[in-house]
Each structure stands twice: as structure tokens, then as C-alpha cells.
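In this note's numbering, the protein residues as written are 30 to 267. Where is the CB? At the ideal position from N, CA and C, for every residue including glycine. Data block below; observations after.
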Amino acid sequence: VKASGYNNAGTVEFMVDRDRNFYFLEMNTRLQVEHPVTELVTGIDIVKEQFKIAAGERLSLRQEDIKINGSAIECRISAEDPENNFAPATGKIIELIEPGGPGVRVESGIYEGFEVPIYYDPLIAKLLVWAPTRREAIERMKRALKEYTIRGIKTSIPFHLLVMENPQFIAGDYDTTFIDRILGKIEYKKENHQIAAIASLVSKFLCQQKATIAYTKSTSAGMSPWKLSARQSMLRKM
């Protein structure tokens, strides 16, 4: 980095073996797609720090100030078909329901009615979770993936869910052949999509019905519906 005269935030890619030998791969003069994982486990706004450096300011922290807390996982939600060797999937998004709750973060640029084109990178969203332990993070990611609904195109969501449920992944025992070995287990069935669509509509109806009943009760009891909504959101811990 010094030899190239680069002076800004960036990302160094490297590998470390079991003997803690360090192998440098490359230096990127930008933030990685996975930078939110670092933000979640350190509590540092990396984008903000990069803007500060670009404006001529110094980093507001030292290496010894950075502490790792908990575990975070990121799933790249892409417009690809895992059942067909991750072939590009284009079309209109006809339904979009994003997951939420404590420890869940979604970075997305899509919406219902959005047309996924063929000309750009297939990445359409990033789903991240944080939890105190890796096992808890995996369970939280499984819940978030099951809640994530994108209809109209094929996406990588079923693949990520398959990974999260795989015993080898859960145990941390996987290698570069892992993806090839599990891809054959992904199944897309038309009837499953129909069932999912019906379940989604029923879920929406029940949520609206509960919200109406809760609003009526809270209003009559003198509780603000805003407080009620906040309390309901905080209950979604898994």
C-alpha cells in the first residue's frame, strides 16, 4: 500500500493457515461487499471512516481500540438460479417481503415492480445477521431466509437456506468442494411456490387482523399504538 502511494481506506484480502502463517492475496482500494460483517462485529461505521479520510481527516480509532463482539453472517441475495448452475434470472419482482427484527440487516436496491435486467451484476440485496455466537447467528439467518420472500424471479435464497441447514457448515467443517456437493439437493417445485404464495397472503391477512385487534385494545386501554408496535418488534428475537 505504501509502495503504491495509496492513502485512503481499503480492504486487504489474505489467508491464514492453521499455523497462523499469513498469505497476502490482494489490496482493494474500496470496501468489500462483505464490509457490513466487520461493521456488525466491531460496531464501527467503515463507510463513515472512509469519507473522513477522503476529506483529509485521520482515522478516529487505533487498531488496539477495535474489539470483536459476537458473530455475523452475510448472504448475498442474487438474481440467479442455483438449480441451473447459478444462471442469471431476469424478470419483474411481483412480491417482496424483507425480514426484520433485532440483529437483522438488509441492504437492498429492489422493490415490488422492479425489473431485474440482464446487463449488470446479479446481486440485488445483502442479508446480514448478528448474534452473540456463530450458532445463534446461523439460527437467526435461517429464520430471516425463511421470512425473505421474493416472487417473480429465481434467487439464491434457497441455496443459502440449504447451506445454513447443512451439518458440515454448522460444524465449520467445509472446503472449496462444499458448494458442488450440496447443489444437487436444491429443488424448485411449482407447487411449492404456489404454497408459499398462499402462505404469504394468509400471513399478511393474519398480521393485519392482529394489528387491528391490538390497535383497538390499546386505544381503549390508553396505550399508544406506536408503543405497541415497538414492543411487538422487540419480541422478534429469533
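What's the C-alpha gap between Glu124 and Ile182? Distance between the alpha carbons of Glu124 and Ile182 is about 10 Å.
According to DSSP, is Asn57 part of a helix, a strand, or is it coil? In the structure shown, the three-state DSSP call for Asn57 is strand.
Expressed to the nearest angstrom, what Euclidean distance is found between the alpha-carbon atoms of Glu103 and Thr162? Here the alpha carbons of Thr162 and Glu103 stand approximately 14 Å from one another.
Please go through the same chain and pick out, in chain order, the residues whose beta-carbon is closer than 7 Å to the beta-carbon of Asp110, but skip the five residues on each side of it. Cβ within range, chain order: Ala116, Ala118, Lys183.
Put Ala160 into one of helix, strand or coil per three-state DSSP. It is a strand residue.
Could you give the first and the last residue of the continuous beta strand (DSSP E) run that contains Leu125? Secondary structure note for Leu125: its beta strand (DSSP E) is the uninterrupted segment 124 to 126.
Going along the chain, which residues of its own chain have a beta-carbon closer than 6 Å to the beta-carbon of Glu176, five neighbours each way excluded? Closer than 6 Å at Cβ, skipping near neighbours: Pro128.
Residues sharing a beta bridge with Tyr52, DSSP: When beta bridges are read from the DSSP output, Tyr52 appears opposite Met44.
Euclidean distance between Cα positions of Phe207 and Arg180: The straight-line gap separating the alpha-carbon atoms of Phe207 and Arg180 is approximately 27 Å.
Test item: CB-CB of Val41 and Met56 under 7 Å: Cβ distance < 7 Å, so Val41 and Met56 count as in contact.
Between Asp202 and Pro196, what straight-line distance do the alpha-carbon atoms span, to the nearest angstrom? For Asp202 and Pro196, the distance between alpha carbons rounds to 9 Å.
Going by alpha carbons, who is nearest to Glu168 out of Gly132, Ile95, Phe51? Cα-wise, what sits closest to Glu168 is Gly132.
Which word fits Ile147, buried or exposed, when buried means at least 16 other C-beta atoms lie within 10 angstroms of its C-beta? It is exposed - the Cβ of Ile147 has fewer than 16 other Cβ atoms within 10 Å.
Where Pro131 sits in the DSSP three-state scheme: Pro131: coil per DSSP, three-state reduction.
Report yes or no: do the region 72 to 87 and the region 138 to 154 share at least 3 C-beta pairs separated by less than 8 Å? In short, these stretches do not touch, since the Cβ pair count stays below three.
Have a look at Ala83 and Asn37 and give me their C-alpha separation to the nearest angstrom. Rounded to the nearest angstrom, the gap between the Cα atoms of Ala83 and Asn37 is 6 Å.
Start-to-end residues for the beta strand (DSSP E) that takes in Arg105: From DSSP, the beta strand (DSSP E) with Arg105 extends over 100 to 107.
Taking all protein chains shown into account, decide if Met170 is buried (16 or more other Cβ within 10 angstroms of its Cβ) or exposed. Flag for Met170 reads buried.
Name the two residues that bound the continuous alpha helix (DSSP H) containing Arg210. In the DSSP assignment, Arg210 falls within the unbroken alpha helix (DSSP H) covering 207 to 211.
Residue span of the beta strand (DSSP E) that contains Ile179, given as start and end: For Ile179, the uninterrupted beta strand (DSSP E) segment begins and ends at 178 to 180.
Same chain, Cβ closer than 7 Å to His139, neighbours up to 5 away in sequence not counted: Rather than His, the amino acid found at residue 139 in this sequence is Ile. In the same chain as Ile139, and ignoring 5 residues on each side of it, the C-beta atoms closer than 7 Å to its own belong to Ile122, Leu125, Ile153, Ala154, in chain order.
DSSP state of Glu63, grouped into three classes? Residue state for Glu63 is assigned as coil, using DSSP reduced to three classes.
Mind checking which residues open and close the alpha helix (DSSP H) that includes Leu190? If you look at Leu190, you'll find it in the alpha helix (DSSP H) that goes 186 to 193.
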